[in-house]
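Beneath this line is the structure, given in structure tokens, with notes to follow.
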Amino acid sequence: FGRNLYYYDSVESTQKIASKLANEAAEEGTVVISEEQTAGRGRMDRKWHSPKHTGIWMSILLRPKIPISKAPQLTLITAVGVVQAIEEATELLPQIKWPNDIMVNGKKITGILTELQAEADSIHSVIIGIGMNVNTLEADFPEEIRRTASSLSIEAGRTIGREELIRTILEKLEKLYLLYLTKGFLPIKLMWESYAISIGKQIIARTITGEISGKTIGITEDGVLLIEDSAGVIHHIYSADIKMNE
Ligand code: BTN
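If you want it as structure tokens, here you go:
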């Protein structure tokens with residue numbers, strides 16, 4: 086990944102640029118990075134705060150030959166790669182909150198946004214967006230996320246070199262992606278589970294159709310979250326916001 090790399094000072098969103106490149110037949114593994122995003126996007130149409138020089142705002146183009154139903158696996162693969170990279174770059178113990186939040190000491194450090202373009206049932210391209218708060222100071226965060234978000238530097242108590250970290254992330258992701266293409270999702274599912282904070286916990290999942298509360302019992306082969314409610318009914322959660330019910 087990253088042999089074909091586009092680097093910008095400021096863009097609206099690296100996702101937007103990567104999807105344009107995807108339509109221009111850019112090769113798999115193309116990476117778009119920007120120092121700043123003026124209209125960074127998060128999941129569920131939220132804004133992603135992406136101030137200059139403080140983080141890693143990056144999108145990676147993939148063209149996996151997998152059915153659309155398996156696309157959520159790519160988010161989980163990315164989460165594992167990001168966690169491994171953080172472990173290598175710092176002394177921190179990052180964890181994954183399904184599906185895509187990377188947490189350190191209970192605060193969100195990184196978000197992953199997976200967007201895909203498909204024709205009929207076949208995937209044309211997948212854009213994986215990674216937003217990582219690296220050297221963000223507490224005062225840089227908007228008031229409304231200050232309690233729940235953090236950065237590597239805040240948690241590690243020192244500045245973290247972004248270039249090296251980008252290299253490590255791309256290296257880890259490429260390795261995991263190749264493992265996935267050759268050996269399937271199972272080995273990655275096991276790694277993912279070893280980092281997951283939300284398995285076996287009481288949670289509330291806020292989905293588009295309403296809230297479901299229950300205990301998380303794991304993820305499926307496809308990367309779908311399984312929740313067992315108090316009546317013993319098992320729910321498949323494809324997309325939701327998870328609140329830990331502590
Ligand atoms: C989330 O909601 O947790 C996902 C956040 C993803 C943010 C990244 S930053 C790089 C890429 N470009 C965007 O506009 N969003 C993603």
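Per full-length UniProt numbering, the sequence shown starts with residue 86, numbered consecutively. C-beta: ideal position from N, C-alpha, C; glycine also.
Query                                                                                                                   : Result
Selection from Ser154, Gln122, Lys268, Val168 that minimises the alpha carbon distance to Leu250                        : Val168
Helix, strand or coil at Tyr265 according to DSSP, with G and I counted as helix                                        : helix
Between the CA atoms of Glu200 and Met129 - distance to the nearest angstrom                                            : 11 angstroms
Three-state class that DSSP yields for Gly166 in the structure shown                                                    : helix
Arg231 versus Glu223: straight-line alpha-carbon distance, rounded                                                      : 7 angstroms
8 angstroms contact criterion, which Ala290 and Ile322 should meet: CB distance rounded                                 : 5 angstroms
Presumed contact (8 angstroms Cβ cut-off) between Gly140 and Val116, rounded CB distance                                : That pair is no contact at about 15 angstroms.
Inter-residue spacing [alpha-carbon to alpha-carbon] between Ser315 and Ile302                                          : 13 angstroms
Backbone CA spacing between Ile245 and Val318 [nearest angstrom]                                                        : 45 angstroms
Other residues of its chain near Ile304: CB distance less than 6 angstroms, five sequence neighbours each side excluded : Leu310
For Gly216 and Asn108, the rounded distance between their alpha carbons                                                 : 23 angstroms
DSSP-derived helix/strand/coil call for Leu178                                                                          : coil
Inter-residue spacing [alpha-carbon to alpha-carbon] between Leu237 and Ile293                                          : 31 angstroms
Whole-Å CB distance - Trp133 paired with Gly191, under 8 angstroms assumed                                              : Contact doesn't hold; Cβ gap of about 20 angstroms is too wide.
Through-space distance from Asp186 to Thr233, alpha-carbon basis                                                        : 11 angstroms
Ser104 beta carbon less than 7 angstroms from that of Ile254                                                            : no
Arg88: CB within 6 angstroms of a non-hydrogen atom of ligand 2                                                         : Here the bound small molecules are ligand 1; ligand 2 is not part of this structure.
Start-to-end residues for the alpha helix (DSSP H) that takes in Trp277                                                 : 271-280
Cβ neighbours of Gln180 in the same chain (closer than 6 angstroms, five flanking residues each side left out)          : Met188, Tyr280, Ile282
For Ile297 and Leu271, the rounded distance between their alpha carbons                                                 : 27 angstroms
heavy atom of ligand 1 below 6 angstroms from Trp142 C-beta                                                             : yes
Buried or exposed (CB count within 10 angstroms, at least 16 for buried), Thr267                                        : exposed
Between the CA atoms of Val96 and Ala170 - distance to the nearest angstrom                                             : 25 angstroms
Pair within 7 angstroms by beta-carbon distance, Glu113 and Leu147                                                      : yes
Burial state of Val330 (16 or more Cβ within 10 Å)                                                                      : One detail in the question is off: residue 330 reads as Asn in this sequence, not Val. Exposed is the call here.
Closest residue to Leu263 among Arg131, Trp142, Pro149 (Cα-Cα distance)                                                 : Pro149
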